[in-house]
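Numbering follows my numbering, in which position 90 of the sequence shown is assigned residue number 90; successive positions increment by one, without gaps.
Idealized CB from N, CA, C, for every residue including glycine.
Note that the coordinates shown come from a computational prediction; the quantities given were computed from them, not determined experimentally.
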Amino acid sequence: MKRFRIITFAAGGLLAASELARWWGNPRLVPLAFDELLVGGALAVAALATKRGPAALAAAWGVFCGLVLSLLVPTLDHLLYGPPKQSAGFYGVVLTAMLALGLAALAHALTLGREGRRAR
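Written out as structure tokens, the structure reads:
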């Protein structure tokens, strides 16, 4: 479980850092990067909340999946029905990989929760 928490913390930090790097110096940073910063923070806090067990991890990864899905659907809509955004193909592939990672992590967190419940 320690390795999973490290991966969760790294994913949260990477998400927040990449959004800060993307929007740094732009006055629109706060409204446009707020959702990614919030989800990145939730992942980091869940990774550090060891006394809560895997419930916090499952919640944070679920929110991550929701965020990525909300970004992926409009991107795919632009790709399929136009007008395509600049580099929408690359962005769509990256978002799909992020969604796959998030779903795998969510499934793992839920499995940890079930195993912990059986052990009691």
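Return helix, strand or coil for S87, following the three-state DSSP convention. coil
What distance in whole Å lies between the Cβ atoms of L112 and P54, which are believed to be in contact at a cut-off of 8 Å? 4 Å
Looking at L95: is its Cβ nearer than 8 Å to the Cβ of V68? yes
Check A49 in the structure and name its three-state DSSP category. coil
With DSSP run on the structure shown, which of helix, strand or coil describes R3? helix
Can you tell which of L37, L32, L72 has its C-alpha closest to the C-alpha of A17? L37
So what does DSSP say about G66, is it helix, strand or coil? helix
Would T75 and G62 qualify as a contact pair, given that the criterion is a beta-carbon distance under 8 Å? no
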